[in-house]
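Undergrad: So the sequence shown is numbered by our numbering: it starts at 41 and just counts up by one. Ideal Cβ placement from N, Cα and C applies to all residues, glycine included.
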Amino acid sequence: MANHDWSRRLAERAGAHRERGLWRQRRTLSAGTAPLDFAGNDYLGLARDPRLAEAMAQGARRYGAGARASHLVSGHLEVHAALEARLATLTGRPRALLFSTGYMANLGTLQALCDVTTRVFQDRLNHASLLDGARLAGAVSRRFHHADLADLDRLLARCPADAPRLVVSDGVFSMDGDIADISGLIETTRRHAAWLMVDDAHGLGVLGEAGDGCVGRTHGIDEVPVLVGTLGKALGTAGAFVAGSEALIEHLIQFARPYVYTTAQPPGVAAATLAALEILATEPERRRRLQAHIRRFRREARRLGLPLHESHTPIQPLVLGDGARVMRWAERLAARGIATGAIRPPTVPRGQARLRITLSAAHTDADLDALLEGLAACQARDAGLREVAP
Ligand SMILES: *Cc1c(COP(=O)(O)O)cnc(C)c1O
Numbered sequence: 041m042a043n044h045d046w047s048r049r050l051a052e053r054a055g056a057h058r059e060r061g062l063w064r065q066r067r068t069l070s071a072g073t074a075p076l077d078f079a080g081n082d083y084l085g086l087a088r089d090p091r092l093a094e095a096m097a098q099g100a101r102r103y104g105a106g107a108r109a110s111h112l113v114s115g116h117l118e119v120h121a122a123l124e125a126r127l128a129t130l131t132g133r134p135r136a137l138l139f140s141t142g143y144m145a146n147l148g149t150l151q152a153l154c155d156v157t158t159r160v161f162q163d164r165l166n167h168a169s170l171l172d173g174a175r176l177a178g179a180v181s182r183r184f185h186h187a188d189l190a191d192l193d194r195l196l197a198r199c200p201a202d203a204p205r206l207v208v209s210d211g212v213f214s215m216d217g218d219i220a221d222i223s224g225l226i227e228t229t230r231r232h233a234a235w236l237m238v239d240d241a242h243g244l245g246v247l248g249e250a251g252d253g254c255v256g257r258t259h260g261i262d263e264v265p266v267l268v269g270t271l272g273k274a275l276g277t278a279g280a281f282v283a284g285s286e287a288l289i290e291h292l293i294q295f296a297r298p299y300v301y302t303t304a305q306p307p308g309v310a311a312a313t314l315a316a317l318e319i320l321a322t323e324p325e326r327r328r329r330l331q332a333h334i335r336r337f338r339r340e341a342r343r344l345g346l347p348l349h350e351s352h353t354p355i356q357p358l359v360l361g362d363g364a365r366v367m368r369w370a371e372r373l374a375a376r377g378i379a380t381g382a383i384r385p386p387t388v389p390r391g392q393a394r395l396r397i398t399l400s401a402a403h404t405d406a407d408l409d410a411l412l413e414g415l416a417a418c419q420a421r422d423a424g425l426r427e428v429a430p
C-alpha cells in the first residue's frame, strides 16, 4: 500500500507503539475529586490558592479575558510589563521577556540565538523543548553525558575555533531531580568562550534564598547570560520567561519567531503570576515546609529500602527499571487515591522507567504517610507477600 494511505499510516504507527508498551492515555479529572497528587509540579501549592484565582479574575475583568493580539502588535499590556519587571528583579537581571509557555520560550530562544553555524552542547537529559529548539534553528546539537563536565570539555575542545558555541542545561533535571553543577558549567563555558543557557523550570520558586532558583541572584549575566524560568510549576500559573541583558531581550523580541507570531498571554494569567510572586516573597514558610517534606520522604523511603535517586529537590523518582512494573505500582497507588507519574521511555532512557513522585508544600504529614504506606504495599506485593487491604 502506498504511504499516502493516511489511515493505514496512523494505524501502523499506533500498532507499533502499543506493541512496545508505550501507549499513553490521559485521565480526566473533575474539580471535586482530585486525587492525592504526587504527580504534579505545583511545588508550593499555589495552583489552587484562591488568591491567585481572584487575581486572575480581576485581571480578566480589567484587561479582558484575552490579550487580543501579539506583543508587537497591540497585545502588550501593562500587566505583562509589570510581570516582566518583577521577574527581572527576582532573578537579578536587567530584563525579562514573557513567553506563553516554557516550550515556546526554549524554542524561541534557541531559534533566535542559533543558526547552522552555531554549535550547541546539551546535557543528555535536557528537556525535549531544548533539543527541539536547536533543531528549529538548524544548529548542530551535541549531547554530553549527563552532568559530565569532562565530556562537555572534550566536545567543546573539538569545536571549530570560529563557531559560536552555546552550552545548554536544565537547572534541575525534570525526571531525575538532581541539580546541575552550575559553577562547573560556568567554569567550563568560560574556558571555551561559550555562552551558557540554563532552563530552571523546576528550580525557580523552590531553590535559592528568595526562591530565585539555582541560578537567580547567585550567578549574574556574566556567568549565565541566558536564563529561562517557567511559571506553570512552582508558581502555579502558566507561561515562562527568559531573563538576561538588555541586548539579549531586544534580540529575542526582534527574532524569536515563537515570540513574535503568537498572541500575548491572557492578562489574567499574568495578574495571577504577580500574585504568586507576592506570595513567594511573603511566605517563605512554604519553601521550608517543602524542604521538610523532602527530608522526611527520603528518610522513610530509605528505611523501606526503596530505590531512591540522589535528589534533594521535590522531584523524587523511584527508578524501578521495567515499564510494566512502573505501571503496576502506579495503578496500585491510584487505587488508593494517590496519583504519581509513571514515566517510561522515550521520556527516560530504556531500562530506567520510573515512578516520578513530586512533593509539594500543600501536602500534609498525613498525605506523606498515605504515600509511604502505599509504596510499602507495592513493595511487599512485589516481594511476593499478600498485600494488606487498604
Ligand atoms: C516543563 C518544562 C518546560 C516546558 O514548560 P511549559 O511551560 O510547561 O511549556 C521546559 N523546560 C523544562 C525543564 C520543563 O520541565
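Give every residue whose Cβ lies closer than 6 Å to any heavy atom of ligand 1, listed in chain order.
TA: Result (chain order): Thr141, Gly142, Tyr143, Asn146, His167, Ser169, Asp210, Ser214, Asp239, Ala241, His242, Thr270, Gly272, Ala280.
Undergrad: How about the stretch 270-283 and the stretch 235-249: do they share at least three Cβ pairs that are nearer than 8 Å?
TA: Short answer: they touch.
Undergrad: Distance check for Val300 and Ala410, CA to CA, integer angstroms please.
TA: Position 370 of the sequence shown, counted from the start, is the residue given in the question as residue 410. Position 260 of the sequence shown, counted from the start, is the residue given in the question as residue 300. If I take the Cα positions, the gap works out to 47 Å.
Undergrad: When the distance is taken between beta carbons, is Ala71 closer than 9 Å to Gly80?
TA: Taking the first residue of the sequence shown as 1, we reach residue 80 at position 40. Taking the first residue of the sequence shown as 1, we reach residue 71 at position 31. Contact flag unset, no.
Undergrad: Measuring straight from C-alpha to C-alpha, what distance separates Ala417 and Gly391?
TA: Taking the sequence shown and counting its residues from 1, the one referred to as residue 417 is at position 377. Taking the sequence shown and counting its residues from 1, the one referred to as residue 391 is at position 351. Between Ala417 and Gly391, the C-alpha separation is close to 23 Å.
Undergrad: With H, G and I counted as helix, E and B as strand and the rest as coil, what does DSSP make of Asp407?
TA: What you label residue 407 is simply residue 367 of the sequence shown in a count that begins at 1. Three-state DSSP puts Asp407 in a helix.
Undergrad: What residues in its chain sit with their C-beta under 7 Å from that of Val156, if we drop five residues either side in the sequence?
TA: One-based indexing of the sequence shown puts residue 156 at position 116. The residues are Gly178, Ala179.
Undergrad: May I have the straight-line CA-CA distance separating Arg60 from Cys199, to the nearest angstrom?
TA: In the sequence shown, counting from the first residue as 1, residue 60 sits at position 20. In the sequence shown, counting from the first residue as 1, residue 199 sits at position 159. Taking the straight line from one Cα to the other gives about 38 Å.
Undergrad: Just the Cα atoms here: how many angstroms apart are Trp431 and Pro90?
TA: Past the boundaries of the shown model lies residue 431; the chain is included only from 41 to 430, so the question cannot be answered.
Undergrad: Given this structure, state the Cα-to-Cα distance separating Trp46 from Gly55, to the nearest angstrom.
TA: Looking up residue 46 in the sequence shown gives position 6. Looking up residue 55 in the sequence shown gives position 15. Distance between the alpha carbons of Trp46 and Gly55 is about 14 Å.
Undergrad: What ranges does the alpha helix (DSSP H) occupy inside the stretch 55-89, keeping only unbroken runs of at least 4 residues that lie completely in it?
TA: Taking only runs of at least 4 residues, no alpha helix (DSSP H) segment lies wholly in the stretch 55-89.
Undergrad: Here's the rule: buried if 16 or more other CB atoms are within 10 angstroms of the residue's CB, otherwise exposed. What is Ala316?
TA: Residue 316 sits at position 276 when you count from the first residue of the sequence shown. Ala316 is buried by the Cβ-count criterion.
Undergrad: Using only alpha-carbon positions, find the residue among Leu399, Gly377, Pro385, Trp369 that is nearest to Ala423.
TA: On the sequence shown, residue 423 is found 383 positions in, with the first residue counted as 1. For Ala423, the nearest C-alpha among the options comes from Trp369.
Undergrad: How is Val113 classed by DSSP in three states: helix, strand or coil?
TA: Position 73 of the sequence shown holds residue 113. Here Val113 sits in helix by DSSP.
Undergrad: With 16 as the cutoff for other CB atoms within 10 Å, does Ala379 come out buried or exposed?
TA: The residue given as residue 379 occupies position 339 in the sequence shown. Buried.
Undergrad: Around the C-beta of His57, are 16 or more other C-beta atoms found within 10 angstroms, so that it is buried, or is it exposed?
TA: For the purposes of this step, residue 57 is identified with residue 17 of the sequence shown, where counting begins at 1. Per the 10 Å Cβ criterion, exposed.
Undergrad: So what does DSSP say about Gly106, is it helix, strand or coil?
TA: Taking the sequence shown and counting its residues from 1, one reaches residue 106 at position 66. Coil, per DSSP.
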